[in-house]
Each structure stands twice: as structure tokens, then as C-alpha cells.
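Asks: This structure is in C-alpha cells; I'll ask about it shortly.
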Amino acid sequence: MTEVGGRSVRRAAWLAGASMVALACFVALRFSATADIVAFMPDGDDRQVAALARLVADSELGRSMVLMVGAPDTDQAVAAARAIETRLIQDPRSRDAFAALDGEPPPDIDRALWELYHDRRLAFVARTPDEAAARATSEALAEAANRLKRELANPMSTLIARVAPSDPLLTMPDLYDELHSSLGGGVSLRDGRFVTEDGHALLFAATRAPAFDATAQRPLLDAIADAFAAENAEAGGTLTLDTSGVNRFAAVTASAVEGDVKRVGVVSSVALLALLFALFRSPRVVVVSALPVVGGVVAGAAATLAAYGRIHGVTLAFGASLIGVAIDYVVHLLCHHAIAPAQSGPRATLDRIWPGLATGAVTTLVGFVALAGSSFRGLQEVALFAVVGISAALGYTRWLLPALLPQVLPASRLRAALARVLAVALSKLRAQRGIAVALLLASLALGTFGLSRAEWGAGLADLGDLDPDLLAEDDRVRSRVARFEQSRFVFAEGATVDEALEANDRVADALRAAVADGELAAFRSAATFVPSPARQRAVAEAFTSAPNLRDRWSTAFVEAGFRPEAFGQFTQALAAPVAPLTWEDVMESPLASMARTFRADDDGRVYFVTFLLDVSDADALAARIADVPGATWVDQPAAMARAGAAVRARTFELFVAGLVAVLLTLVARYRSPRRVAAAFLPAVLGALAAVGALAVAGLAVDLIALTALLMVVSMGVDYGVFLADSDADPDDEIATLVGVFVACGSTVLGFGLLAMSAFPMLRTIGVTAAAGVVACLLVAPASLILLGNAREGEHR
Amino acid sequence: MSFRVAVLGVLAGVLVAATAPPSARAQVEDSAPTAAPEAPASSLDALLDAFAAMPGLEARFVEEKTIGLLAVPLVSEGTLYFTRPGLLYRRVESPSPAEVRITPTTLEFFDGVSRETVDLAARPDVRLFVQSLVWILAGDRAALGGAFDASYTVDGDRWTARFAPKVAPMNELIEAIELSGVGRGVATITVRETSGDVAVTRIVDANPARVFSSDERVRLFGEASR
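Chains as they are written, first to last, in my numbering: chain A, 94 to 889; chain B, 784 to 1009.
Listed below in C-alpha cells is the structure:
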């Protein structure tokens, strides 16, 4: 190496090192992880459903929690819930984390209801203008008179008698009853506090942070657990706490992912470093060899954070897996530098193997670039992380590593022994081609078995198994408090609040007809307590403008025995204009906390959600809502199934496209069918073997498995390319074989641990990749031998 | 929670201040005594002691409500059951069936179509309104003393006990609850509202020594009476 060349290498090394430090600082400052499953919702088909599902997830509804406290008797439960509420208000972890924490109705809610609605009662005399007109018929007025008379005969007539002079149609009593049932189905009051019918005390909460923000949710959940534990200790262990909330699932999932990723990262890193030290006997080499891997992960994380603002757990898992991919380049260089070094040092060794390294990396990148075409934001994130990370690792291998490696590596018994064993194994394989054939056939058989038995997962539902204990706890709460469906909604949309409320009125009209036709049991809508101003005006107008209303009303009530002159407030109201109730009026009242759960805003649009109870005919309901302007039927399970099937098909296309792209890259590189086949066959057979392993493990070939298969293909091609590129020279060939063996071992270490994860996504990645790369390791030399290597070709 | 209960607290502050309908005060005439003539209780305490000693009560009644909104009074008939420790069941048989059941913790309505239960522990204001008659029949001086200004007058063999609410919101709705009778028997129960409306319940046939079997207690007063 010349002096100028040496300066150039050092300058490149300094630049590479500086870039790594800068990226590491960026990652440290901006790091934020998530387990948000929404990231894996499609942006293509069902886009609107996905957007609305995201809206629910991000809305106050998605942030709501219910804490249900049980005790030997209701009074104890109420007292305990009150004490837990006090503790949570005092605890700094929860005090500011709750947007709302209510154990009792808002103060003065009855007065607020009266003040909001009494002067507008004629706008609430019916739900629709047609119904209002029907209430103004002589027959309906006669029935109203008789109803009032019956009510006055009841023991509590004192109250009705006070309301009736201004409200002889009893609109306010009906509205009160409807509103109170809207405030909480299955919930009653004890000592002024919310309780279930079976005596559990309730706390309704909403968190400030989105449910999927596990980092923010964890301290809050810890505070709840601690508050309950303290109160339960004081009660002698007689209390129970059941909690419902999306945030609990998100936190547990995030913990599982992060825990597994940390374990995999630490254990595989330690094992790799130990293996590298045993092979190369140099602490300097061990430390230096980790740099490209670390640099790749840091660069991938930095790119992801810069593009998305946070990293998904799946992307992190791939980050840990990158160790297995990027270390291939380092190991390949180290093995050649140790076993078949160039005279002038590591840079020259690198230059010699660079075509193979670059080809391997390009095929890997091509595979991951294909993923960027996915409609899942999560997979696009994975693609970005992988492409940037692998590119960076390759760059650090080329520009940083040679400057830091010693000119000569110390001898290693393990390395020498491994080289001898692999040389013997290779020569036996050459001598007994039946073994090579058997290896290929075994991979093919495993793949065939896998394809015949493979369970093709939907691609979305398989992404996150919910903790069964948490699910059971959630069900215990929901069965007592909120039985409304959690995955099927109707959204009403508008450019303004009033426009959205008008759509919401139309939805409520349609759903009332649906209830009458038995398509669902009931629904909960903001239209109950705040119809659109247009609807309120129309209802009041339809009632008060009925011909001769005042005279007919008077006649009906006189015939029922009433004195019309006692209803002066009512007859005056018939002539007065009604000022409609607005959304702003409601938000300034104690009803605000309840009302907020119905509204979500997104991208300048206003949405109102309607909750459904016991949907029995989803198809009919969907068809009915489809005819309502401004309304959208959201059936998350159905949309997820549709989207899952579409996305899996799309990902399979991407997988095939990736294979084709890899193949074309190899053709462009080698322009020799034999070499292309030798490089490509291990990847294909390795992927087939991985499908077989998934079938054996009882795991579905889902979206994640397909993605991992793409990675197996990329790594299998690496092995094939490295071997194909080095078979002209026996020393190079043995060096490559040792490198491939070590690289495979390091990948298995990383992925093998992922296969033991409790998190299904990580388990699938682990099984797929570990089985795949082992098959690649076995098939790569076998296929090279069967197809004939360069030296044999020369002999022929 | 029904409107009837929810609105109670509001009514006191909002409705009472509103224009009250004109009302014709009923001219109440005491009915015949329900038991053999005996000397009236000498004092309110003695009257309440006598009520407290009563094991149970079954009485036929005729209620006449004079309400300002109506041209003619509303009349209903039925049966009243009471037993300790504060269980009341009132069944209207005509003109249309209706039931009210009161326990120390709940109020239950049935109007012939729907049934509704209200937790009285959650609404102390409603509890006072609902249980005042129960406290009187149980002779519960402690409860009555906290909620009512009571007076007692005797005129020959006729007596009148008057309970005027002194706490809101009841005192804004009810002017007084009056019991009157001859000797030791209760003849009428009159509820006078601040609006001028009056409900007079005449006891036409009473058994003040009624003892209820376990089955009857459950049937009449509900599971809570077990």
C-alpha cells in the first residue's frame, strides 16, 4: 500500500467512524419504540376502514380504561375504589397521565341536563321530523294526555306535576331516561359512585397518551397496580381488580417484544464475540469486527427514526437479526484474511473478495427493496431499516474495517481444526456425490412436505396473539359494563361538526330501522343527546307548524280532564323560536366527558362514531349503512381478513419478484447458467426447507414468515455467491467454507433465540430463518459440487 | 336511573321557582276510624311508640289526588302493606294497576308495563322523599326528627300528627304530611305539596296487627325482606 493509498484508507476510516458516532447520537436522542399493530394495516384496499380503525385506536375511545374493583360487599368495593382513585390522583406517575378519572357522575349533571334541554324541549319532541309530525296528530295528542294522566296517578306524581305545565308531552322525562341509559349501560350508582349490577365498583378513565404508546402507558399501569396492591393490603387481601383497556395489551406486547429482542441481542452478541475470539485470537479483531454490525443497526435505526419518528418492535427484531446478516461480510473478510491472506494486508484481501461480497450484499438489498412495495407501513419500515442497515454494514466493512485490522492475524487452533474438518468434509462430498444428492433431496422433501402441510396465515390476525389472561380479564369487565362491540362501528363523517352531526342523524335513523328489523339489539350514538342543529330545527318546525296544533292540543287535554290554562308555559313555547343545542354547548357542560368519546377528528374531517350492541346480521347492516350518505360501516375483523388475504398475496408477489430480482442480479454478475444455479439453488432449497420447518413447528406461513423467507433467500444467495466466487482456488474455497460455516452459526445463534420467543411474530422469524440458513449451509457446497466447480470445468 | 329520581334535585332549585299552577286545595274529610274507638295517644311520642309496636299493617285505601292541572281529582284504590324494619308495598288496583315497593335501600316502581328499581343509597335526597311515610309507620323518631318539624294535636277522640319537612329539596316540594285518626286508628294520610296539590289517602279497612309469613314477606316486599 502506498503512502497516498494509506492516507486515503485512513481518511475513509475516519469519515466512516465519524458517521457512525453521529448516527448513534441521533438514535440515542430520538429513540422511540412502539408495538402498534396499526402499523401493519394496509394503506391500499380497505384504506378508509384502516384509517377509521386507526382513528379509533388513536381516539379517546381507544385510550379509555375501566377499573373494576371487587370486595366482599358493595360498600367495601365502593370505599376501595374511592381510595384507589385518591391514590392515583396523588401518584405523579398517574396524576398527569389521566385525561379523566371518574368514579361518579359529573357533579350537577341533572341540573346541567335540565338547563341544556328544557328550553329546547320542542326540538327533542321526536327524533325525526316525520315522528314529530306524527306526535302532533289529534290521536297522538289524545294519547299524550292520557299518558300524563296515568303518570299523575303514580305515587311520584309530585315531580311529573311540576314538569307537566311546560312539558305536557313529557319530552324531558323521556330524554332524561334515554340520556341516563346512554351514560352507562349496566352501570348504576351506590353511595353516588358507579357500580355494576353485581356490586363491583367502577372507575372510568381515559389516558392522555395513545393506547399504543407503551412507553407512556407502562408507568401509568404500574401506578394502578401499586395503588390496588396498597389498598388490597389494607383490606387484608380481600379485594379484586379487573381492568379493561387497549393500553394493557399494547404494554404487555411491547414488553414481550422488547424483552425478547434484548435477550436475543445480548446473548447472540456475547456468543458471537466469544466465537470470533476463539477463531481469531485477537481482542482487537473481536472489537473491530463488531463495528460494521453495530454501524449497520445504528444506521438502520437512524433512517427509520428519521422517516417514521419511532421504530416498530418487528423492525427492532429485524435489527437484531441484521447481526446475523451483516456479520457475514465481516466473517468472510476475516476468514480470508486469516486463511488465504493477500500479501499486502487486509485491504488487498478485501479487494480480492469484494466482487463476491458486493454481489451478496446487492442480492440481499434487492430482496429487501422488494419489501418496500408492501402496502404495510410496518413492512416498508422493515425494508428501509434493512436496506440502510445492510448498506451501512457493507460500507463499514469496506472502508472502516481494513484500516483497523492487524496486518497478520494470530494462529488459532479452532480455526485450523475447523478448516481441516471442512476440507475433509468437502473432499468426501466430492468423492461421494450421493451425499450431496441426498442433501438436496432432503431439502426438497422437507420443502415439499412444508408446501403440502403449510397453513397459510391471514397475515394480520397472526401478528399478535393477545394474552389470554388479559383477554379474560377484559371480558370480565366488558360483560358487566360495556357490552358494545369493540370491532364493529359506524362512522359519520363531515367537513364540519354540523355536517358530521347531520350524517350522524342519518346513521341513527338507519340504525333505529335496523333495530326494528332485528339486525342488532341496540346502539349508542351522540345523536341521542345532540342531533344536528338542522335536525333540531326540523323537528321543532314539524311539530309546532302542524295545523291548528294549539286548538287540537287543548281539545285533547280537556277531554282527558285537564285544565288547559294550567299549561301556559307550554302554549307560550309553541310560539317561540327554538335555539338549537350545539356541540359547543355540550362540550361546555358536564356532558363533555361522555360526549368526547363519540368524536374523532382526522385530517381536517370530523367523525362521529356509533357503538353497536349484539349485531346479528352484519351483512344487512353493512348494506343499510352503505346507502347512508356520509356514513361508513367499519367491520374490523372482516376488513382485516380481506386486507390480510390481499396483503399476503401482495407480499407473495413481492417475494417472487425478489427472487426474480436476485436471479437477474446473479445472471448479470456471472453470465453463466452453472454459476447462477450454484449461487441460486441454495437459496431456493433453503427457503423450501424453512417452509417445511414452519409446518413441523405448527406455524403459519404468514406475512412475517414470507418476509423472513426473503431474508433466507438473500443469505442463501450470499453463501452460494461466496462459494461460487472462490472455488477456483483451494485456499480461497476453504476460507470461504469456514466463513460460511461461521456466518451460518452466528445467524442460527441470533435466530435460534428468536424462535424461542413467546411473541409469535418473533418465533416465526426465528424458525424460518434458522431452518432456512442451516439448509442453505448444507445445500450450498452440495449444489456447487453437483454442478461442477470452476476447476472441474477447466479440467473438462 | 329514571327521570322521576334524577330530576328531584333539579326540581327544587328550578321548578319551584317557576310559575306554579293554580290549585284548588282539597277539603279533606276524615274517614271512619279503622279500629275500635280508643283514647287517642296522649302525645306524638306515644303515637310513634304505638306505631313502633305495630308488627305489621295491611290496609285498603282510597286515594284522591287534587292536582292543579286537572279539572277533577284523580281517584285510585288499592292495598297498602307495611312491616318492619321499614318495608312498604303499595298496590293500586284501579283505575289501572301499579305497584311501589320500598325497602331501606331501594325503591321499585311497576306501572303495569315496566319495572324500575332505584338505589336509595345513591340518592339521599330521594331517600328522604320516599321513606318519610315508612319512618312514620315504623315510629322511627330519630329519622323523623332529623328531617321534619312534627306537631301533634288532639281534639276529643280525634287526633292529627303533622310532619313538615325542614330539609331541601323535600321542603321545597312538600309542605306537610298529615296523619289523622280516631282513637288509635289512622283514618287519613294527607300529603300537601307546596304547589297546592293535595293527595288524601283514606284508610277504609286496616289490620294494624298483621303478621306476615316468610313467603308473604318475599312475595310482597321482595327478596330483600328475607
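Using N, Cα and C, we set each Cβ at its ideal position, and we do this for glycine too.
Looking at C-beta atoms only, is the number of pairs between the stretch 186 to 196 of chain A and the stretch 290 to 307 of chain A that lie closer than 8 Å three or more?
Replies: yes
Asks: What whole-angstrom Cβ distance do F636 (chain A) and R228 (chain A) have, given they're in contact under 8 Å?
Replies: Along the first sequence, one-based indexing puts residue 636 (chain A) at 543. Along the first sequence, one-based indexing puts residue 228 (chain A) at 135. Rounded, the Cβ-Cβ distance is 6 Å, consistent with contact.
Asks: Using DSSP bridges, identify the partner residues of H405 (chain A).
Replies: Locating residue 405 (chain A) in the first sequence gives position 312, counting from the first residue. A:T127.
Asks: Only counting the same chain, and skipping five residues up and downstream in sequence, which positions put a Cβ closer than 6 Å to that of L314 (chain A)?
Replies: Taking the first sequence and counting its residues from 1, one reaches residue 314 (chain A) at position 221. Taken in chain order, the residues that qualify are A344.
Asks: Between A842 (chain B) and I960 (chain B), is the Cβ-Cβ spacing less than 9 Å?
Replies: To locate residue 842 (chain B), count along the second sequence from 1; it is residue 59. To locate residue 960 (chain B), count along the second sequence from 1; it is residue 177. It is not a contact, given that the beta carbons lie outside the stated cut-off.
Asks: By Cβ distance, which residues of its chain are closer than 7 Å to A848 (chain A), with the 5 residues on each side in sequence left out?
Replies: Taking the first sequence and counting its residues from 1, one reaches residue 848 (chain A) at position 755. Excluding sequence neighbours, A848 (chain A) sits near R856, G859, V860 and A863.
Asks: Run through the stretch 437 to 483 of chain A for me and flag every whole alpha helix (DSSP H) of 4 or more residues, listed as ranges in chain order.
Replies: 439 to 464
Asks: What do you reckon, are the CB atoms on V855 (chain B) and G292 (chain A) nearer than 9 Å?
Replies: Translated into the one-based positions of the second sequence, residue 855 (chain B) becomes position 72. Translated into the one-based positions of the first sequence, residue 292 (chain A) becomes position 199. No, the pair does not count as a contact, with Cβ atoms beyond the cut-off.
Asks: Closer than 8 Å by beta-carbon distance: list the chain A residues that pair up with K848 (chain B), in chain order.
Replies: Numbered from its first residue, the second sequence carries residue 848 (chain B) at position 65. For K848 (chain B), the residues of chain A that pass the 8 Å Cβ criterion are L245, A246 and S250, in the order they occur in the chain.
Asks: Hey, is R175 (chain A)'s beta-carbon within less than 9 Å of any beta-carbon in chain B?
Replies: Numbered from its first residue, the first sequence carries residue 175 (chain A) at position 82. Output row for R175 (chain A): interface = no.
Asks: When DSSP builds the beta bridges, which residues end up paired with F582 (chain A)?
Replies: As a working mapping, residue 582 (chain A) is identified with position 489 in the first sequence. Beta-bridge analysis with DSSP links F582 (chain A) to A:F704 and A:V727.
Asks: If the cut is a Cβ gap below 7 Å, which residues of chain A does R873 (chain B) touch?
Replies: Residue mapping note: residue 873 (chain B) aligns to position 90 of the second sequence, counting from 1. By Cβ distance, chain A contributes P248.
Asks: Is A349 (chain A) near L674 (chain A), with beta carbons less than 9 Å apart?
Replies: Against the first sequence, residue 349 (chain A) aligns to sequence position 256. Against the first sequence, residue 674 (chain A) aligns to sequence position 581. Contact flag unset, no.
Asks: Secondary structure at V872 (chain A), three-state DSSP: helix, strand or coil?
Replies: Mapped onto the first sequence, residue 872 (chain A) falls at position 779. Looking at V872 (chain A) - three-state DSSP - the assignment turns out to be helix.
Asks: Quick one, which residues of the stretch 834 to 867 of chain B are near chain A if we go by CB-CB under 8 Å, in chain order?
Replies: K848, I850, G851, L852, L853, A854, V855, L857 and S859
Asks: According to a CB-to-CB cut-off of less than 9 Å, which residues of the stretch 253 to 265 of chain A neighbour chain B?
Replies: I253, A254, R255, V256, A257, P258, S259, P261, L263 and M265
Asks: Which class does P948 (chain B) belong to by DSSP, given the choice of helix, strand or coil?
Replies: One-based indexing of the second sequence puts residue 948 (chain B) at position 165. The answer is strand: DSSP assigns P948 (chain B) an E or B state.
Asks: I want to see whether chain A comes within less than 9 Å of L911 (chain B), judged by CB atoms only; does it?
Replies: Sequence index remark: in the second sequence, residue 911 (chain B) carries index 128 (1-based). With 9 Å as the cut-off, L911 (chain B) does not count as an interface residue toward chain A.
Asks: Tell me the DSSP bridge mates of F893 (chain B)?
Replies: Residue 893 (chain B) sits at position 110 when you count from the first residue of the second sequence. Looking at the DSSP assignment, F893 (chain B) forms a beta bridge with B:E882 and B:R898.
Asks: Check whether the stretch 965 to 981 of chain B and the stretch 250 to 258 of chain A touch, using three or more Cβ-Cβ pairs below 8 Å as the test.
Replies: yes
Asks: Considering only DSSP beta bridges, list what A959 (chain B) is partnered with.
Replies: Taking the second sequence and counting its residues from 1, the one referred to as residue 959 (chain B) is at position 176. Bridge partners of A959 (chain B): B:R975.
Asks: Name, please, each residue of chain A whose Cβ falls closer than 9 Å to the Cβ of A881 (chain B).
Replies: Counting from one through the second sequence, the residue named residue 881 (chain B) turns up at place 98. R243, A246, N247 and P248, listed in chain order.
Asks: Is T397 (chain A) helix, strand or coil when you go by DSSP?
Replies: Position 304 of the first sequence holds residue 397 (chain A). Of the three classes helix, strand and coil, the one that applies to T397 (chain A) here is helix, per DSSP.
Asks: Run through DSSP, which three-state label would I850 (chain B) get?
Replies: Stepping through the second sequence from its first residue, residue 850 (chain B) is reached at position 67. DSSP places I850 (chain B) outside both helix and strand once states are collapsed to three, so it counts as coil.
Asks: How many angstroms separate the CA atom of F660 (chain A) from the CA atom of M953 (chain B)?
Replies: As a first step, residue 660 (chain A) is located in the first sequence; it is residue number 567 there, counting from the start. As a first step, residue 953 (chain B) is located in the second sequence; it is residue number 170 there, counting from the start. Roughly 24 Å separates the two Cα atoms.
Asks: State the start and end residues of the unbroken beta strand (DSSP E) segment that holds M161 (chain A).
Replies: In the first sequence, counting from the first residue as 1, residue 161 (chain A) sits at position 68. It spans S157 to G163 - the beta strand (DSSP E) in which M161 (chain A) sits, taken as one unbroken run.
Asks: Could you check the C-alpha separation between S361 (chain A) and G388 (chain A) for me, to the nearest Å?
Replies: As a first step, residue 361 (chain A) is located in the first sequence; it is residue number 268 there, counting from the start. As a first step, residue 388 (chain A) is located in the first sequence; it is residue number 295 there, counting from the start. S361 (chain A) and G388 (chain A): Cα-Cα distance of roughly 17 Å.
Asks: Which residues, in order along the stretch 645 to 660 of chain A, keep a beta-carbon less than 7 Å from a beta-carbon of chain B?
Replies: G654, F655, R656 and A659
Asks: Give me, in chain order, the residues of the same chain whose beta-carbon lies closer than 8 Å to that of V755 (chain A); leave out the 5 immediate sequence neighbours on both sides.
Replies: Residue mapping note: residue 755 (chain A) aligns to position 662 of the first sequence, counting from 1. Cβ neighbours of V755 (chain A) beyond the five flanking positions: T456, V459, G460, F773, A776, V806, S807 and V810.
Asks: Chain A beta carbons: is any one of them nearer than 9 Å to that of I957 (chain B)?
Replies: By 1-based counting over the second sequence, the position of residue 957 (chain B) is 174. It does; some Cβ of chain A falls within 9 Å.
Asks: Please report how far the alpha carbon of G527 (chain A) lies from the alpha carbon of A875 (chain A), in whole angstroms.
Replies: Sequence index remark: in the first sequence, residue 527 (chain A) carries index 434 (1-based). Sequence index remark: in the first sequence, residue 875 (chain A) carries index 782 (1-based). Those two C-alpha atoms are separated by around 10 Å.
Asks: Nearest to F745 (chain A) by CA position, among A:V769, A:D284, A:T690 and A:L802, is which residue?
Replies: Locating residue 745 (chain A) in the first sequence gives position 652, counting from the first residue. Cα-wise, what sits closest to F745 (chain A) is A:L802.
Asks: From the DSSP output, in three-state form, read off D284 (chain A) for me.
Replies: Here residue 284 (chain A) refers to the residue found at position 191 of the first sequence. Reduced to three states, the DSSP call for D284 (chain A) is coil.
Asks: For T886 (chain B) and Y872 (chain B), I'd like the C-alpha separation in whole angstroms.
Replies: Position 103 of the second sequence holds residue 886 (chain B). Position 89 of the second sequence holds residue 872 (chain B). So the two alpha carbons sit approximately 9 Å from each other.
Asks: Going along chain A, which residues have a C-beta under 7 Å from D980 (chain B)?
Replies: As a first step, residue 980 (chain B) must be located in the second sequence, where it is residue number 197. The answer, in chain order, is A254.
Asks: What residues of chain A sit near E976 (chain B), judged by a beta carbon separation below 7 Å?
Replies: Counting from 1 along the second sequence, the entry for residue 976 (chain B) is found at position 193. Chain A residues near E976 (chain B): T251.
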